Amino acid sequence: MTKKVTRRRVKSPIVRGASIVLGVVVLAISILMLTKSVNEVILTVKLNKQLSSVKSELDGVKEKNKNLTSEKAKLEDPVYFENYARGTYLLSMSEEQVFILPKGE
Numbered sequence: 148m149t150k151k152v153t154r155r156r157v158k159s160p161i162v163r164g165a166s167i168v169l170g171v172v173v174l175a176i177s178i179l180m181l182t183k184s185v186n187e188v189i190l191t192v193k194l195n196k197q198l199s200s201v202k203s204e205l206d207g208v209k210e211k212n213k214n215l216t217s218e219k220a221k222l223e224d225p226v227y228f229e230n231y232a233r234g235t236y237l238l239s240m241s242e243e244q245v246f247i248l249p250k251g252e
């Protein structure tokens, strides 16, 4: 019966220390990259929310601009302007009387 002799490979302290340092560096870089990725995802979500908010605001401004452009075109029409002034501000032409009648119930 012969005994098998197995040799165990012994690492030198320098190699062992270098392995530990390399592992720590790789771990630190991985954590840093993961942190940056998470921050980018959070920033992307915030920017998408802001973009949708600004788009809805833009739609509102476009609608308001459309209404104001229409109102401007109407006010440039002399007949509309005269009727608007008479109806809204109760203006009258010279030697003209304006009567306000009570509303019937």
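Take the position in the sequence shown, starting the count at 1, then add 147; the result is the number in the working numbering. Beta carbons: idealized from backbone N, C-alpha and C, even for Gly. Keep in mind that this is a model prediction, so the values were computed, not measured.
Check                                                                                                                                             : Outcome
Pull up the distance between the alpha-carbon of Ser199 and that of Glu210, whole angstroms please.                                               : 17 angstroms
May I have a chain-ordered list of the alpha helix (DSSP H) segments no shorter than 4 residues that lie completely inside the region 171 to 214? : none
DSSP state of Leu237, grouped into three classes?                                                                                                 : coil
Does Gly164 come out as helix, strand or coil in the three-state DSSP assignment?                                                                 : helix
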